[in-house]
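When you line the sequence shown up against my numbering, it's residues 967 to 1179, in that order. Read the structure below first, then the notes.
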Amino acid sequence: MRAWVFDMDDTLYPREQGLMRLVQARINAFVVEAVGLEPEAAAAMQRQFLDEHGTTLAGLMANYAVDTERFLREVHDVPLDGVEPNPRLAERLKALPGRCYVFTNGAREYAHRVLERIGVADCFEGVFAIEDGDLTPKPNPATFRRMLEQFCIDPHRSAFFEDTPKNLEPAKALGMATVLIGDGHGKPIGPHIDHVAPDLFDFLSDLSFKDAA
967 MRAWVFDMDD TLYPREQGLM RLVQARINAF VVEAVGLEPE AAAAMQRQFL DEHGTTLAGL
1027 MANYAVDTER FLREVHDVPL DGVEPNPRLA ERLKALPGRC YVFTNGAREY AHRVLERIGV
1087 ADCFEGVFAI EDGDLTPKPN PATFRRMLEQ FCIDPHRSAF FEDTPKNLEP AKALGMATVL
1147 IGDGHGKPIG PHIDHVAPDL FDFLSDLSFK DAA
């Protein structure tokens, strides 16, 4: 492996730290205002759009006229107090042979804020955020190809780490090794997933690089 690609939210930090709950609450509030639904109906629409389109924003764009810049700004404007710095993870990332990248459906500024908070920003050669894919999110295969091309990654010598099973499907189809972090949020874990790890740090700590070039 010469390239290591990581999803960010609920992958580089534990889901239990609750950051995505804050983001989802902001998304729900945006949907309530933009679409005019009651909170429960807005939450159901959010889940539907996430399943069908990869992100709530992609679903909104397909069905409504929305201010995308305002969406990205408002839903990602959350406090990061609950996210814990992780210097041990930084050490493991820096020990990986090759280059490391972040591939997230989150906004660019938000991604950099989170990486700085965790203390791993200097571990990565680049960050591919939702703006870099022209707001087309994972798991769209074209967005994966665009990410690989932008960073000159050979998919057959790379690994992709994610907490969402369906986002690993195009990675596997392109030839990447795939690692699911966590329990998959209750979704099916299919043959496109090479490894399952409850914790990213433990998984990276168990890797051996004695044959690495």
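Here a beta-carbon is modelled for each residue, glycine too, at the ideal position from N, C-alpha and C.
Counted within 10 angstroms of its Cβ, other Cβ atoms place residue i as buried (16 or more) or exposed
| i | result |
| --- | --- |
| Asp-1129 | buried |
| Pro-1131 | buried |
| Gln-1012 | buried |
| Glu-1018 | exposed |
| Tyr-1030 | exposed |
| Glu-1135 | buried |
Where residue i falls: helix, strand or coil (DSSP)
| i | result |
| --- | --- |
| Gly-1092 | strand |
| His-1042 | coil |
| Val-1086 | coil |
| Val-998 | helix |
| Tyr-1067 | strand |
| Ala-1031 | coil |
| Lys-1138 | helix |
| Asp-1177 | Bear in mind that a pLDDT of 47 at Asp-1177, under 50, signals an unreliable position, so the model cannot answer this. |
| Pro-1007 | Going by the sequence as given, residue 1007 is Ala instead of Pro. Residue state, collapsed to three classes: helix. |
| Tyr-1076 | helix |
| Pro-1103 | coil |
| Pro-1131 | helix |
| His-1158 | coil |
| Asp-976 | coil |
N- and C-terminal bounds of the beta strand (DSSP E) containing residue i
| i | result |
| --- | --- |
| Leu-1146 | 1143-1147 |
| His-1151 | Premise fails: His-1151 is in no beta strand (DSSP E) and is neither H nor E. |
| Ala-1163 | 1161-1163 |
Per DSSP, cross-strand counterpart(s) of residue i
| i | result |
| --- | --- |
| Ser-1124 | Ala-969 |
| Gly-992 | Note that residue 992 is Arg in the sequence shown, not Gly. Per DSSP, none; premise fails for Arg-992. |
Beta-carbon contacts of residue i that lie in its chain and below 7 Å, excluding the five residues immediately before and after
| i | result |
| --- | --- |
| Val-989 | Val-1041, His-1042 and Val-1044 |
| Glu-1186 | In this structure the chain extends from 967 to 1179, so residue 1186 is not present and cannot be described. |
| Pro-1005 | Asn-994 and Val-998 |
| Arg-1112 | Gly-1099 |
Start-to-end residues for the alpha helix (DSSP H) that takes in residue i
| i | result |
| --- | --- |
| Phe-1169 | 1166-1172 |
| Phe-1110 | 1107-1116 |
| Arg-1058 | 1053-1061 |
Cβ neighbours of residue i in the same chain (closer than 8 Å, five flanking residues each side left out)
| i | result |
| --- | --- |
| Ala-1139 | Pro-1107 and His-1158 |
| Glu-1097 | Leu-1038, Ala-1073 and Arg-1074 |
Neighbourhood of residue i by C-beta distance below 6 Å, restricted to the same chain and skipping five residues each side
| i | result |
| --- | --- |
| Ala-969 | Gly-1064, Arg-1065, Ile-1119 and Ser-1124 |
| Tyr-1076 | His-1042 |
| Thr-1021 | Asn-1071 and Pro-1103 |
| Gly-984 | Gly-1048 |
| Glu-1050 | none |
| Leu-1081 | Ala-1087 |
Neighbour flag for residue i against chain B, beta carbons, 7 Å
| i | result |
| --- | --- |
| Lys-1138 | Absent here is chain B; the protein component of the structure consists of one chain. |
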